[in-house]
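In the numbering used here, the protein residues as written are 1 to 151.
Just below is one structure, and these are the notes that go with it.
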């Protein structure tokens with residue numbers, strides 16, 4: 001299946017996840033139901049042609065394709081993410097579960113969860129999709145977006 005363009009409403013929902021918002025918060029902000037937000041996510045995943053049904057993979061797709069180019073990077077100190085944490089971040093961006101990441105790295109799922117917890121603390125992330133967004137903003141997953149007004 002060929003990827004289709006995401007709609008503006010889908011991009012707004014994805015941007016909410018990229019900002020660390022949770023589904024119920026995105027719904028409240030947009031004055032829609034939680035079901036409507038989930039439907040936007042499901043349709044965006046289908047339009048993007050993603051195999052994973054995780055918001056983190058959708059955030060990664062949106063950054064990689066430039067949909068979130070206008071989203072200002074969050075003010076954060078430089079993050080030092082390397083080794084296993086960086087590997088885990090890359091797998092999160094692919095939409096893998098803790099069990100799938102564990103199998104890829106030859107670790108226990110509980111160890112992967114510990115790496116995720118440390119990664120979230122290092123980045124200041126609220127959840128997987130937020131960690132992926134902050135990874136993009138820090139240049140860990142691709143070129144860091146340029147801030148508007150900075151030179």
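Glycine is no exception: its CB is placed at the ideal position from the N, C-alpha and C atoms.
Using a 10 Å radius around the Cβ and a threshold of 16 neighbouring Cβ atoms, would you call residue 54 buried or exposed?
buried
Contact check, residue 123 vs residue 57 under 8 Å by CB: the rounded distance?
About 17 Å; that fails the 8 Å criterion.
Let me confirm a value: residue 18 is counted as buried when at least 16 other C-beta atoms fall within 10 Å, else exposed. Which label applies?
buried
In whole angstroms, give me the CA-to-CA distance for residue 133 and residue 63.
8 Å
For residue 138, which three-state DSSP category applies?
coil
Please say whether residue 98 and residue 109 have beta carbons closer to each other than 8 Å?
yes
So residue 112 is in the alpha helix (DSSP H); what residue range does that whole segment cover?
First-last of the alpha helix (DSSP H) with residue 112: 109 to 123.
Taking buried to mean at least 16 other C-beta atoms within 10 Å of its own C-beta, is residue 128 buried or exposed?
buried
Who are the near neighbours of residue 86 in its chain, counting only those whose CB is closer than 8 Å to its CB and skipping five residues on each side?
Here the set comprises 140.
Tell me which same chain residues have a C-beta within less than 8 Å of the C-beta of residue 76, skipping the five on either side of it?
123, 124, 134, 137, 138
Whose C-beta lies closer than 7 Å to the C-beta of residue 24 among residues of the same chain, with five residues either side of it excluded?
34
I need the DSSP call for residue 23, collapsed to helix, strand or coil.
helix
Is there a Cβ from chain B that is less than 8 Å from the Cβ of residue 140?
Among the chains in the structure shown there is no chain B, since it carries only a single protein chain.
Applying the criterion that 16 or more other CB atoms from any shown protein chain within 10 Å of the CB defines a buried residue, is residue 5 buried or exposed?
exposed
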